[in-house]
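Residues 132 to 563 in the numbering used here are what the sequence shown lists, from first letter to last.
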Amino acid sequence: MRVAVIGAGPSGIYAAEHLASEYHVEVDVYDYLPVPFGLVRYGVAPDHYSIRSVRDKLAETFENPLVRFRGNVKIGRDVSAQELQEHYDAVVYTYGASLDRELGIPGEDHRMSIAATAFVRWYTGHPDAIDFGEYLPYASDVAVIGLGNVAVDVTRILIKPMSELELTDIPQHVLDALARSAVRRVHVVGRRGPEHATFTTKELKELGEIPGVDVIVDPKDLPSDFAQAAASNKVVARNLEVMSDWSKREEHADKSIQFHFYCAPVGMDLERGVLSVMKMKLDENGKLISTGDVKDIESQMVIRSIGYRGEGLPGVPFDQESNVIPSVDSAVVGLENSYVAGWIKRGPSGIIGTNKKDAVACINQLVSSSSESKATSAEIIDQVLADRGVNVVDFAGWKRIDAREKELGQSRGRERTTIHNRENLIQIGLGI
Ligand code: NAP
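Right, dumping it as structure tokens:
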């Protein structure tokens, strides 16, 4: 059998790993980027060294001669989904969810109102990122909307001292821009309370450990019946403990992270440097309702961290309501021999390990439904791409990029510096 996997992030690589090592199937892993690893490279925060090091484990999959990395190939532009169907026995879609979501409030389209997805792309060195470096000297106060782990990552990168950021693999131009940043206060704004936040405790706690930064929580926002709120969920219990501790701390640092719970954004006037929020409360049934009071939070920049959203691929069914590829037991509804795993199947939730289980279940389903192989040889699809002038970056190409990033980092006393320019990546990858 030969299988194509679309998306070289954790889900795709776990799927390839299972196909090759468990079932001895040949796999081509395609990605429109010239480098593998998806959100491990372009999502996980640069200062989360141990999670980023998952990359090394994922890279081992490509050492298996049955697995090929086919980078810099865009499905729907360079090769169609239908052509893949013809050349492979099955296609597994694992390309994640990379779009942002909108709040739908006035002022949101201001250039200083930024989607967290875009901001994360910038500081991780994604080749398609918008450069936000010029904005940072003009914002002393930034509001980060959302109470999830992405909001925590963005907050940390905005406020962490340079001495800590310098040790990371952040691209040099981003590091230089962060050094010029005027940000002194980050306001984390959530429409619900601390017990409803989706932070994981380890990530939340890190905010309180940043040198020179106070964390401010209003004790009035903590649930009055602490034990009851915490009883339902261990993570909630641990998060409440952390936030309760912060609410008792005295403030003395120059920089701060301030939580604004029960504040639903209703508009922003970033020319005036203001985010307006409606104060919310829970009614007797635990339903979130408006109090009618609007307050302004000073912020010259707003980062909307309210979740990721998947997008469709030409020729592949897509559910516009839930922004996923519709599936039953990982099999794509309405497309033969096609499977789906990861965020584009389940939506944007869960940690990296969640995708491993999902990918394994998907591949077991694929293999149990497969019949005799009808795939063409690898050379045929390679020739199709070559005839179209597609510069495919393979795993040897990634190794060249990897080596160059390490060299670049070490020349500046860092372990690695991420190269962000697509053309550079392609040239290094192709050995030009
Ligand atoms: P998330 O955990 O789903 O958080 C989204 C936040 O946006 C929620 O607080 C939600 O509030 C809020 N929100 C949504 N619509 C809103 C609106 N219209 N107005 C105001 N607030 C709104 O998503 P995420 O932070 O993007 O993270 C995505 C996934 O990646 C999660 O599974 C996360 O754990 C994972 N991740 C993990 C790590 C890590 O482990 N280190 C790091 C980053 C991301 P409501 O609850 O009120 O809807």
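Backbone N, C-alpha and C fix where the C-beta goes; we use that ideal spot for every residue, glycine too.
Everything numeric in this text was worked out from a predicted model, so none of it was measured.
Asked                                                                                                              : Found
One or two residues paired with Q558 in a DSSP bridge                                                              : For Q558, which the question treats as bridged, DSSP gives no partner whatsoever.
As assigned by DSSP and simplified to three states, the class of H149                                              : helix
Selection from P237, E452 and D231 that minimises the alpha carbon distance to A249                                : D231
Short Cβ contact (8 Å threshold) for V317 with V283                                                                : no
Alpha carbon of R133 to alpha carbon of V408, nearest angstrom                                                     : 53 Å
Pair within 8 Å by beta-carbon distance, T286 and I388                                                             : yes
Proximity winner among L150, L401, D159 and A246, relative to N508 (alpha-carbon distances)                        : Residue 508 is actually Ser in this sequence, not Asn. Comparing Cα-Cα distances from S508 to each of L150, L401, D159 and A246, the minimum goes to D159.
Meets three-Cβ-pair contact criterion under 8 Å: the stretch 376 to 387 and the stretch 401 to 416                 : no
Sequence-distant residues of the same chain with beta carbon closer than 6 Å to I261, five excluded per side       : A249
Beta-carbon proximity list for A395, same chain, < 7 Å, skipping 5 on both sides                                   : R322, V408, M409 and M411
P396 CB to nearest heavy atom of the ligand NAP below 7 Å                                                          : yes
Through-space distance from D385 to G404, alpha-carbon basis                                                       : 20 Å
heavy atom of the ligand NAP below 7 Å from P354 C-beta                                                            : no
Proximal residues to I144 (C-beta, below 6 Å), its chain only, five neighbours per side dropped                    : L189 and T192
C-alpha gap between E239 and S499, whole angstroms                                                                 : 48 Å
Contact between the stretch 458 to 470 and the stretch 242 to 256 (3+ Cβ pairs under 8 Å)                          : no
Inside the stretch 191 to 249 only - alpha helix (DSSP H) runs reaching at least 4 residues                        : 212 to 218
Near the ligand NAP: A360 beta-carbon under 7 Å from a heavy atom                                                  : no
Distance between beta carbons of A313 and A594, contact taken as under 8 Å                                         : The chain is shown only over 132 to 563; residue 594 falls outside these bounds and no answer can be derived.
Simplified DSSP state of L466, which is helix, strand or coil                                                      : coil
Close-in-space but distant-in-sequence residues of the same chain around P237 (CB under 6 Å, 5 per side omitted)   : G398
Those runs of the beta strand (DSSP E) which lie wholly inside the stretch 244 to 292 and span at least 3 residues : 244 to 246 and 272 to 276
Cβ neighbours of G443 in the same chain (closer than 7 Å, five flanking residues each side left out)               : F449
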